[in-house]
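**Student:**
Residue numbers (full-length UniProt numbering), protein chains in the order written: chain A, 1 to 250; chain B, 1 to 250.
1. Could you tell me which whole beta strand (DSSP E) segments of length 3 or greater appear in the stretch 28–111 of chain B?
2. If you drop the 5 nearest sequence neighbours on each side, which residues of the same chain put their C-beta closer than 6 Å to that of residue 209 of chain A?
3. Using C-beta distances below 6 Å, list every residue in its chain close to residue 140 of chain A, excluding the 5 sequence neighbours before and after it, in chain order.
4. Tell me which same chain residues have a C-beta within less than 8 Å of the C-beta of residue 38 of chain B, skipping the five on either side of it?
5. In or out: residue 129 of chain B buried (at least 16 other Cβ within 10 Å) or exposed?
6. Could you pull out every residue in the same chain whose Cβ sits closer than 8 Å to the Cβ of residue 235 of chain A, ignoring the five residues on either side in sequence?
7. Taking Cβ to Cβ, would you say residue 106 of chain A is nearer than 7 Å to residue 221 of chain B?
8. Within the 7 Å Cβ cut-off, does residue 120 of chain B reach chain A?
9. Using the Cα positions of residue 149 of chain A and residue 195 of chain A, report the straight-line distance between them to the nearest angstrom.
10. Residue 124 of chain B and residue 164 of chain B look like a contact to me (Cβ under 8 Å); what is the Cβ gap, rounded to whole Å?
11. Could you give the residue range of the alpha helix (DSSP H) that holds residue 186 of chain B?
12. Rounded to whole angstroms, what is the Cα-Cα separation between residue 204 of chain A and residue 103 of chain A?
13. Residues of chain A with CB closer than 9 Å to the CB of residue 98 of chain B, please, in chain order.
14. By how many angstroms is the C-alpha of residue 90 of chain B removed from the C-alpha of residue 66 of chain B?
15. Within this structure, are the beta carbons of residue 41 of chain B and residue 81 of chain B separated by less than 7 Å?
16. Looking only at its own chain, which residues have a Cβ that is under 6 Å from the Cβ of residue 84 of chain B, when we skip the five neighbours before and after it?
17. Report yes or no: is there a C-beta of chain B within less than 7 Å of the C-beta of residue 195 of chain A?
18. Counting only the same chain and skipping the five closest in sequence on each side, list residues whose C-beta sits under 8 Å from that of residue 76 of chain A.
19. For chain B, check one thing: does any of its Cβ atoms lie closer than 7 Å to the Cβ of residue 182 of chain A?
20. Within a Cβ cutoff of 7 Å, which residues of the same chain sit near residue 127 of chain B, ignoring the five residues on either side of it in sequence?
21. Return the residues of the stretch 222–234 of chain A that lie within a Cβ-Cβ distance of less than 9 Å from chain B, sorted by chain order.
22. Residues of chain B with a CB under 8 Å from the CB of residue 105 of chain A: which are they?
23. Rounded to whole angstroms, what's the CA-CA distance from residue 47 of chain B to residue 73 of chain A? Just pull it up for me.
24. Helix, strand or coil, according to DSSP, for residue 205 of chain B in the structure here?
25. May I ask which residues mark the beginning and end of the beta strand (DSSP E) holding residue 148 of chain A?
26. I'd like to know whether the C-beta atoms of residue 109 of chain A and residue 187 of chain B end up nearer to each other than 7 Å.
27. Might you give, ordered along the chain, the residues of its own chain that have their beta carbon closer than 6 Å to the beta carbon of residue 114 of chain A, omitting 5 neighbours on each side?
28. Who are the near neighbours of residue 224 of chain A in its chain, counting only those whose CB is closer than 6 Å to its CB and skipping five residues on each side?
29. In whole angstroms, give me the CA-to-CA distance for residue 151 of chain B and residue 179 of chain B.
30. Going along the chain, which residues of its own chain have a beta-carbon closer than 6 Å to the beta-carbon of residue 212 of chain B, five neighbours each way excluded?
31. Answer yes or no: do residue 117 of chain B and residue 132 of chain A have a C-beta to C-beta separation smaller than 7 Å?
32. Once DSSP output is grouped into helix, strand and coil, what is the label at residue 160 of chain A?
33. Would you mind reading off the limits of the beta strand (DSSP E) that contains residue 248 of chain B?
34. Helix, strand or coil: how does DSSP classify residue 136 of chain A here?
35. Could you tell me whether the Cβ of residue 64 of chain A comes closer than 7 Å to any Cβ of chain B?
36. Are the C-beta atoms of residue 187 of chain A and some chain B residue less than 7 Å apart?
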């Protein structure tokens with residue numbers, strides 16, 4: 001098993017190119033396991049055609065229509081095409097059993113429930129991140145994001161982010177959401193600095209991937225990232241720092 | 001440490017008296033650990049006064065006013081009064097270290113996140129359970145539940161449960177919510193029949209407590225319980241059966 005895996009990712013005009021919270025989970029996963037990979041960069045409008053060609057399954061259906069998303073990988077060692085970050089993590093655990101586990105035995109139900117709960121507390125975030133994401137994309141992906149997000153939000157891209165007092169209120173909701181996550185983390189503070197103790201697992205990389213996304217789209221020196229990395233005792237910056245060695249392939 | 005713990009519970013006109021999903025968590029916890037206890041039954045209007053006398057803390061605040069809830073315990077062996085089922089479980093793990101763990105080391109953050117996610121998928125349930133709960137309470141608690149729930153729902157108790165097509169739609173949401181939980185459980189099916197593997201932990205008893213609540217307020221022969229216990233391959237009835245030995249003190 002020595003041929004490199006291919007990771008399909010969405011390019012952005014940020015350092016290193018990777019910004020998507022979904023694909024970061026797989027990027028972290030591969031680096032955490034020390035599995036070599038190459039990246040193929042795919043613009044949003046090309047994801048479906050490339051996924052079909054690759055042979056990955058749609059990750060959801062909307063109004064009866066299949067939706068294809070990234071990350072996807074192709075593992076030439078087992079001739080496996082696969083989409084969706086949690087499924088990819090499960091696959092890597094099983095296909096590369098001598099690498100560190102993202103889902104230690106017995107933890108899958110709780111890690112999936114964690115992801116569900118975590119995502120439910122990010123509801124207020126997307127109105128802020130959508131225009132910022134659009135801003136760092138290449139033109140073909142920009143057009144795609146504008147079209148799909150304007151339908152989803154029911155308003156022009158330029159009107160998605162709240163302003164004035166509403167912006168403050170909504171940003172406070174982002175903060176409270178992350179404070180709930182910090183509360184769960186505090187419950188384990190005597191067991192280690194990660195959610196399951198001394199070693200990071202899938203949920204740590206999932207949380208880190210969303211933080212990375214915020215850091216990438218707004219930039220390290222933005223007021224947004226300065227806010228986020230100061231919340232709950234500065235722990236979110238600390239978490240990224242702790243996982244920094246898994247940002248790039250060794 | 002041989003004196004019996006006192007469990008403060010809310011009485012209902014059901015077999016055994018216990019129906020509350022919150023207090024069932026502690027009932028299960030004590031039995032799982034084999035810790036002897038006696039029950040003191042408290043009607044809703046008396047909870048605050050008894051909690052203050054006992055010295056437990058309010059479990060939340062609403063409009064700046066403290067809210068006291070059950071379960072609460074008093075442990076005469078350590079002179080500890082304590083409210084809130086998860087905190088009680090943590091306390092029992094720590095005060096009785098030789099008993100089986102509800103929160104095995106490293107699992108607290110994920111178990112708390114699980115509870116958060118689990119509760120978020122029960123949103124459609126309360127409109128159905130509120131009138132059924134009212135029906136099995138004693139008159140002093142009935143008056144309390146009617147008053148507080150009518151304020152919370154903004155309509156008469158008799159109008160809280162949906163009817164006709166709306167009832168079918170809302171009941172389908174209850175089903176989908178529990179199907180999501182079943183999906184998490186399936187992720188661990190190779191590791192054991194409980195959420196964390198071969199032995200039940202706090203989240204198993206939490207899920208079981210809500211199932212027990214539904215079974216108690218509607219009755220085993222109700223159409224509601226027949227529905228619920230048939231969903232997702234009949235697993236909810238199976239879970240209660242698997243934990244049946246922890247329903248009553250040994």
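All C-beta atoms, glycine included, are put in the ideal place defined by N, C-alpha and C.
**Tutor:** Judging by the given coordinates:
1. 37–41, 60–62, 65–67, 72–75, 80–83
2. 21, 24, 25
3. 43, 45
4. 4, 5, 6, 7
5. buried
6. 182, 185
7. no
8. yes
9. 32 Å
10. Between residue 164 of chain B and residue 124 of chain B the Cβ distance is about 16 Å, and since that is not below 8 Å, they are no contact.
11. 164–186
12. 11 Å
13. Here the premise fails: no neighbours, minimum Cβ distance about 19 Å.
14. 22 Å
15. no
16. 59
17. yes
18. 3, 4, 5, 6
19. no
20. 160, 161, 162, 170
21. none
22. 191, 197
23. 56 Å
24. helix
25. Run containing residue 148 of chain A: none in the beta strand (DSSP E); it sits in the alpha helix (DSSP H), 139–153.
26. yes
27. 203
28. 218
29. 30 Å
30. 24
31. no
32. coil
33. Premise fails: residue 248 of chain B is in no beta strand (DSSP E) and is neither H nor E.
34. helix
35. no
36. yes
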